[in-house]
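>
In our numbering, the protein residues as written are 419 to 981.
1) With a cut-off of 8 Å, do at least 3 Cβ pairs link the segment 521–540 to the segment 642–662?
2) Can you list, in chain order, the residues of its chain with a C-beta nearer than 6 Å to that of residue 687? Leave out the 5 residues immediately preceding and following it.
3) Determine the contact status of residue 513 and residue 620, defining contact as a CB-CB distance below 8 Å.
4) Identify which residue in 673, 501, 579, 529 has its Cα closest to the Cα of residue 568.
5) Starting from residue 912, follow its DSSP beta bridges and name the residues at the other end.
6) Just reading off the alpha helix (DSSP H) that residue 701 is part of, what are its end residues?
7) Less than 8 Å between the C-beta atoms of residue 545 and residue 516, yes or no?
8) Apart from the five residues on each side of it in sequence, which residues of its chain come closer than 8 Å, Cβ to Cβ, to residue 782?
9) Assuming residue 963 contacts residue 937 under a Cβ cut-off of 8 Å, what Cβ separation, rounded to an integer in Å, is found between them?
10) Spatial neighbours of residue 844 within its chain, please: CB distance less than 7 Å, with the 5 preceding and 5 following residues excluded, ordered by chain position.
11) Tell me the rounded alpha-carbon separation between residue 813 and residue 668.
12) Taking one C-beta from the segment 940–947 and one from the segment 903–913 each time, how about it: are there three or more such pairs within less than 8 Å?
13) What ranges does the alpha helix (DSSP H) occupy inside the segment 508–586, keeping only unbroken runs of at least 4 residues that lie completely in it?
14) Thinking residue 713 and residue 720 are a contact (beta carbons under 8 Å), I'd like their distance in whole angstroms, please.
15) Name, in chain order, the residues that DSSP records as bridge partners for residue 734.
16) Distance check for residue 543 and residue 530, CA to CA, integer angstroms please.
17) By the three-class DSSP mapping on this structure, what secondary structure does residue 922 have?
18) Taking the alpha-carbon positions, what's the residue 508 to residue 951 distance?
19) State yes or no: is the C-beta of residue 586 within less than 8 Å of the C-beta of residue 629?
20) Buried or exposed: which applies to residue 806, given that a residue is buried once 16 or more other Cβ atoms fall within 10 Å of its Cβ?
21) For the 8 Å Cβ check, are there 3 or more pairs between the segment 687–706 and the segment 650–659?
22) Given that a residue counts as buried once 16 or more other Cβ atoms are within 10 Å of its Cβ, and exposed if not, what is residue 715?
23) According to DSSP, simplified to helix, strand and coil, what is residue 718?
24) Under a three-way DSSP split, which group does residue 804 fall into?
25) For a quick check, are the C-beta atoms of residue 616 and residue 503 less than 8 Å apart?
26) In this structure, does DSSP put residue 468 in helix, strand or coil?
27) Rounded C-beta distance between residue 837 and residue 584? I'm assuming under 8 Å.
28) For residue 485 versus residue 605, is the C-beta spacing smaller than 8 Å?
29) Keeping to the same chain, check which residues put their C-beta closer than 6 Å to that of residue 757; ignore five residues upstream and five downstream.
30) Does the CB of residue 495 have a neighbour CB from chain B at under 8 Å?
31) Do you know offhand how far residue 571's Cα is from residue 563's?
32) Do residue 755 and residue 825 count as a contact pair if the criterion is CB distance below 8 Å?
33) Just reading off the alpha helix (DSSP H) that residue 664 is part of, what are its end residues?
34) Would you mind giving the Cβ-Cβ distance between residue 651 and residue 478, rounded to the nearest angstrom? I have them listed as a contact below 8 Å.
35) Smallest Cα separation from residue 662: which of 678, 677, 627?
36) Ordered along the chain, which non-local residues of its own chain (more than five positions away) have a Cβ less than 6 Å from that of residue 575?
This is the structure:
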């Protein structure tokens, strides 16, 4: 949500954008209740005309294509007021490193001989130089970088794939017109003003994997076939390479349900799942190879390697903390000791754990449910009571439990595998409201729209979430980079932080080919370490940057830096 807040606070047309989003939500909710006013079996005139010209399968494919195209076109239309985002967060720089690595045709990069100068949050510099995160998000960004010259285009296409996958998933669980409405909801919520499309943090890729798993499970209720098993396996592979833990929590009920249905099928059941098993085997083999190239061990993920090298805490709230490792840089020590570790300590008491749980619930409610919480609650309770929908209700409970036991600071994209599940339950809730309400529903729609507007005003005007470092990083680092690139030649920027530097404001990130960059960002280590760096980069202009003291880059040479 923080990028959403920043974009509007920095925009000269904040009021216009806010009104535009309010109009989009009003149109969506109006469509929902327009559909709701028709009784079961009644057909909308336009839908009847479409049915005469196209088969059901063609209508479903058209709806899927429509949501994907709408996601791309709508966000591109907003570029004049919401341009291509600038990376500011640790995670974004890490994913961009992964994207640049894949774009260069490599799975990882050799370690730099002076790797300690380039250590930073969420990246590995040993045993190889790479992003610590699972590769799926970086792979789609690499595709955007190679095909369109911009990693963000990969993000945009991944959001379009999410909208298409959600529409496809919903078609397996409800009538086609409601599935199209859910696809429209996905477009307006995640492809316009959301940080899902306006940052490089990820979410859409994992959401696509979750939609494929649940969509295949929905279709396999009516009859199992190999094609659906293949799609489920593909979804499982995407989840394993984007959000492994959360993806597993989402997928376990669906996979268990499918296997239970096939328990008595014998050879015919084996023939159904065999193609999916083979696909999963191929994906698993590739993952083992990727781990081996990055960490030297097939079973050690880059994420685990980073955790062992830098983190004090462990992933789950019941796990004990590790001993504090040695940090070569005080700024890294501040990140893990003074920023991350207090969250762990908060979960050590009953009151702190309760408060932390409530913060998580509030975050996920604000991002995924508000103002549709009443519809979601109706849908979830309905799913738990109705046998043919019980898989969705059980999956929700199981997945929510998984989110609550992790110890790290929550972000909305952690729950991204369940995007299609949330939308499905919202739509079922609207259908329940349709069946139970006799009075006109315009009042309910007005309440929801009003709630959305107030929520947007509250989060974008009254909640300065990480505003200071967002502003500095989104404006200052690109300005520094542009200034040095415009000077020509090659440069090294030694970044020096003062005691108490904001751990979220990190300047030291580089591309996959550090030595090939025009401008290299390195940590100031003083004395002999800096002298060694200067000898290695003899011929480059070296600058000292002190962002905490406001020293303008280019105004102060590092002593002896220019040769």
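From the three backbone atoms N, C-alpha and C, an ideal C-beta is built for every residue, glycine too.
Per the coordinate set shown:
1) no
2) Here residue 687 is taken as the residue at index 269 of the chain shown, counted from 1. These residues qualify, in order along the chain: 680.
3) Looking up residue 513 in the chain shown gives position 95. Looking up residue 620 in the chain shown gives position 202. Going by C-beta atoms, residue 513 is nearer than 8 Å to residue 620.
4) Your numbering for residue 568 matches position 150 in the chain shown. Of 673, 501, 579, 529, the residue nearest in Cα terms is 501.
5) Here residue 912 refers to the residue found at position 494 when the chain shown is read from its first residue. Bridge partners of residue 912: 940, 962.
6) On the chain shown, residue 701 is found 283 positions in, with the first residue counted as 1. Residues 685–713.
7) Along the chain shown, one-based indexing puts residue 545 at 127. Along the chain shown, one-based indexing puts residue 516 at 98. No, these two residues do not count as a Cβ contact at 8 Å.
8) Position 364 of the chain shown, counted from the start, is the residue given in the question as residue 782. Excluding positions up to five away in sequence, the list reads 821, 828, 830, 833.
9) Residue mapping note: residue 963 aligns to position 545 of the chain shown, counting from 1. Residue mapping note: residue 937 aligns to position 519 of the chain shown, counting from 1. Not really, about 11 Å apart at Cβ, beyond 8 Å.
10) To locate residue 844, count along the chain shown from 1; it is residue 426. Within the same chain, residue 844 has close Cβ partners 790, 793, 794, 797.
11) Locating residue 813 in the chain shown gives position 395, where the first residue counts as 1. Locating residue 668 in the chain shown gives position 250, where the first residue counts as 1. Near 6 Å, if we compare the C-alpha coordinates of residue 668 and residue 813.
12) yes
13) 508–521, 554–566
14) Mapped onto the chain shown, residue 713 falls at position 295. Mapped onto the chain shown, residue 720 falls at position 302. About 6 Å; that satisfies the 8 Å criterion.
15) Within the chain shown, numbered from 1, the residue matching residue 734 stands at position 316. The partner list for residue 734 (beta bridge, DSSP) reads 824.
16) Taking the first residue of the chain shown as position 1, residue 530 is located at position 112. Taking the first residue of the chain shown as position 1, residue 543 is located at position 125. Approximately 7 Å between the Cα atoms of the pair.
17) One-based indexing of the chain shown puts residue 922 at position 504. In this structure, residue 922 counts as coil in the three-state DSSP scheme.
18) Translated into the one-based positions of the chain shown, residue 508 becomes position 90. Translated into the one-based positions of the chain shown, residue 951 becomes position 533. Answer to the nearest angstrom: the Cα atoms are 24 Å apart.
19) On the chain shown, residue 586 is found 168 positions in, with the first residue counted as 1. On the chain shown, residue 629 is found 211 positions in, with the first residue counted as 1. Yes.
20) Position 388 of the chain shown, counted from the first residue, corresponds to residue 806. Exposed is the call here.
21) yes
22) Reading the chain shown from its first residue, position 297 is the one you call residue 715. Counting Cβ neighbours within 10 Å, residue 715 comes out exposed, since fewer than 16 surround it.
23) On the chain shown, position 300 is the one that residue 718 refers to. Coil.
24) For the purposes of this step, residue 804 is identified with residue 386 of the chain shown, where counting begins at 1. Reduced to three states, the DSSP call for residue 804 is coil.
25) Counted from its first residue, the chain shown places residue 616 at position 198. Counted from its first residue, the chain shown places residue 503 at position 85. Cβ atoms of residue 616 and residue 503: closer than 8 Å.
26) Looking up residue 468 in the chain shown gives position 50. Caution is warranted here: a pLDDT of 49 is assigned to residue 468, below 50, making its placement in the model unreliable, and no coordinate value can be reported.
27) For the purposes of this step, residue 837 is identified with residue 419 of the chain shown, where counting begins at 1. For the purposes of this step, residue 584 is identified with residue 166 of the chain shown, where counting begins at 1. Residue 837 to residue 584, Cβ: 6 Å. Contact.
28) What you label residue 485 is simply residue 67 of the chain shown in a count that begins at 1. What you label residue 605 is simply residue 187 of the chain shown in a count that begins at 1. Contact: yes.
29) Counting from one through the chain shown, the residue named residue 757 turns up at place 339. The answer, listed in chain order, is 921.
30) The structure shown contains no chain B; it is built from a single protein chain.
31) By 1-based counting over the chain shown, the position of residue 571 is 153. By 1-based counting over the chain shown, the position of residue 563 is 145. Cα to Cα, residue 571 sits roughly 7 Å from residue 563.
32) To locate residue 825, count along the chain shown from 1; it is residue 407. To locate residue 755, count along the chain shown from 1; it is residue 337. Contact: no.
33) Position 246 of the chain shown, counted from the start, is the residue given in the question as residue 664. Note, residue 664: alpha helix (DSSP H), 662–679.
34) Taking the chain shown and counting its residues from 1, the one referred to as residue 651 is at position 233. Taking the chain shown and counting its residues from 1, the one referred to as residue 478 is at position 60. Contact doesn't hold; Cβ gap of about 22 Å is too wide.
35) Sequence index remark: in the chain shown, residue 662 carries index 244 (1-based). It is 627.
36) Position 157 of the chain shown, counted from the start, is the residue given in the question as residue 575. For residue 575, where only same-chain residues beyond five positions count, there are no Cβ hits under 6 Å.
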